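Report on the structure given below.
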Amino acid sequence: MLKMCSPMLEKTCAENFGNRKCNRNCNTLGCGWDGGDCMIGDQQEERLKLKDYVALVLLTTPDGLFASLTPLLMMLNRELKALITVAEDSRKRKLIFHWDNVELAGDLVDWDDPVNASVNPKATLSGLLVKLSVDTNICHEWSWDDCFTDVHSVASYLMTPMVRENFETIGLQLESAFTLEIEDTPHHFYLTLVSAFVAALFVVLFSALLIHTIRRRRSSEQLHSISLHFNHENPETVTVTTEGEDGNPYQQFT
């Protein structure tokens, strides 16, 4: 059995869990590594964050999850020997969605009005879908042999009977655990769009410059020779003939 947080520290550690202030007494496996507060600024943190999300479907309400979120993350940190956090979007909103077994993932939970969500009348189950990020940096620092290396094995482990019982201990019912790919953020989308526009503009300008250069070259090459023809019968008359490169008269005037 994994070492639990000391009863003398459990309340304090839970109250200050993930508040971005390092509490060394809570920075233990049993207390869930203080929610990662003592790892802020660790240069290896991003390098060892597993690709993609672990998604949990919990049969609870937003209020129920809010009350159990800290115990949930502390338990997951202990079980997985990792730092587990709720994923966020580019606007720092937690990726927690309304869910039912008909529509599946619905709208993002509005924490200002968390109960304002429509449930399909045909649904027999409803709850929340929570996207989690898994950082295994701490596991490797302690040189444990059973560090997780991918989100698929994490999801499979969370569905084992032993771990599912731990969810029930903190008042949550786990319906399922699976993986979800991390989609491109709007920032990356717009960056890609701007890059494509700049590349297209460069091609257009280069093509226009190339066409202009070719036309100027052809125009300069059209005048191959100039001939002067004197009219002996009328000495005052001179005919000027210009020929193209192909030998055909290009322009003639008197």
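Heads up, the sequence shown is in my numbering, so the first residue is 713 and it goes up one at a time. Every residue, glycine too, gets a C-beta built ideally from N, C-alpha and C. What you are looking at is a predicted structure, and each value in this text was computed from that prediction instead of being measured.
Member of Ile-752, Asn-731, Cys-734 and Ala-726 whose CA lies at the smallest distance from the CA of Cys-675 = For residue 675 there is no data in the structure shown, the boundaries of the chain being 713 and 966.
Give every residue of the same chain whose Cβ lies closer than 6 Å to the Cβ of Gln-885, excluding the five residues on either side of it in the sequence, and list them in chain order.
-> Start at 1 with the first residue of the sequence shown, and residue 885 comes out as number 173. Listed in chain order, the non-local C-beta contacts of Gln-885 below 6 Å within the same chain comprise Leu-771, local neighbours out to five positions each way being set aside.
Output yes or no for whether 8 Å exceeds the beta carbon distance between Thr-782 and Phe-729.
-> If you number the sequence shown from 1, residue 782 lands on position 70. If you number the sequence shown from 1, residue 729 lands on position 17. Thr-782 places its beta carbon less than 8 Å from that of Phe-729.
Only counting runs of 4 or more residues, tell me where the alpha helix (DSSP H) segments fall wholly within the segment 766-838, in order along the chain.
-> Those alpha helix (DSSP H) runs which fall completely within the segment 766-838 and span 4+ residues are 774-792.
Candidates Glu-877, Ile-882, Val-863 and Thr-872: closest to Thr-891 by CA position = Residue numbering aside, residue 891 sits at position 179 when the sequence shown is read from its first letter. The residue among Glu-877, Ile-882, Val-863 and Thr-872 with its C-alpha nearest the C-alpha of Thr-891 is Val-863.
Just curious, the beta strand (DSSP E) that Phe-890 is in, first and last residue?
-> Locating residue 890 in the sequence shown gives position 178, counting from the first residue. Per DSSP, Phe-890 belongs to the beta strand (DSSP E) from 886-892.
Under 8 Å Cβ to Cβ from Ser-780, same chain only, skipping five residues before and after it: list those, please.
-> In the sequence shown, the residue the question calls residue 780 occupies position 68. Apart from sequence neighbours up to five positions away, the residues of its chain that approach Ser-780 with a beta-carbon distance below 8 Å are Thr-772, Ile-882, Gly-883 and Leu-884, ordered along the chain.
Tell whether a beta-carbon distance below 8 Å holds between Phe-809 and Leu-841.
-> Indexing the sequence shown from 1 puts residue 809 at position 97. Indexing the sequence shown from 1 puts residue 841 at position 129. Between Phe-809 and Leu-841, the C-beta spacing is below 8 Å.
Report back the beta-carbon spacing between Gly-839 and Leu-785 to the nearest angstrom; my notes put them in contact at under 8 Å.
-> Here residue 839 refers to the residue found at position 127 of the sequence shown. Here residue 785 refers to the residue found at position 73 of the sequence shown. Gly-839 to Leu-785, Cβ: 18 Å. No contact.
Residue range of the unbroken alpha helix (DSSP H) whose run includes Phe-879 = Counting from 1 along the sequence shown, the entry for residue 879 is found at position 167. Residue range 873-881 is occupied by the alpha helix (DSSP H) that includes Phe-879.
Is it true that the CB of Cys-851 sits closer than 8 Å to the CB of Lys-761?
-> For the purposes of this step, residue 761 is identified with residue 49 of the sequence shown, where counting begins at 1. For the purposes of this step, residue 851 is identified with residue 139 of the sequence shown, where counting begins at 1. No.
Beta-carbon spacing of Asp-858, Leu-837 below 8 Å = Within the sequence shown, the letter at position 146 stands for residue 858. Within the sequence shown, the letter at position 125 stands for residue 837. A distance of 8 Å or more separates the beta carbons of Asp-858 and Leu-837.
With distances taken from CA atoms, which of Leu-870, Thr-848 and Glu-877 is nearest Met-751?
-> In the sequence shown, counting from the first residue as 1, residue 751 sits at position 39. The residue with the shortest Cα to Cα distance from Met-751 is Thr-848.
Looking only at its own chain, which residues have a Cβ that is under 8 Å from the Cβ of Trp-856, when we skip the five neighbours before and after it?
-> Residue numbering aside, residue 856 sits at position 144 when the sequence shown is read from its first letter. Excluding positions up to five away in sequence, the list reads Lys-793.
Excluding five sequence neighbours on each side, which residues of the same chain lie with their C-beta closer than 7 Å to the C-beta of Lys-806?
-> One-based indexing of the sequence shown puts residue 806 at position 94. The answer, listed in chain order, is Val-798 and Glu-800.
Give the range of the alpha helix (DSSP H) segment to which Ser-855 is assigned.
-> On the sequence shown, residue 855 is found 143 positions in, with the first residue counted as 1. Neither: Ser-855 is in no alpha helix (DSSP H) and is coded neither H nor E.
Which runs of the alpha helix (DSSP H) spanning at least 4 residues fall entirely within the segment 715-744, listed in chain order?
-> Listed in chain order, the alpha helix (DSSP H) elements of length 4 or more contained wholly in the segment 715-744 are 719-727.
Which residues share a DSSP beta bridge with Leu-760?
-> Your numbering for residue 760 matches position 48 in the sequence shown. Answer is none; Leu-760 lacks a bridge partner.
Taking 8 Å as the cut-off, decide whether the C-beta atoms of Leu-844 and Ile-796 are in contact.
-> Taking the first residue of the sequence shown as 1, we reach residue 844 at position 132. Taking the first residue of the sequence shown as 1, we reach residue 796 at position 84. Yes.
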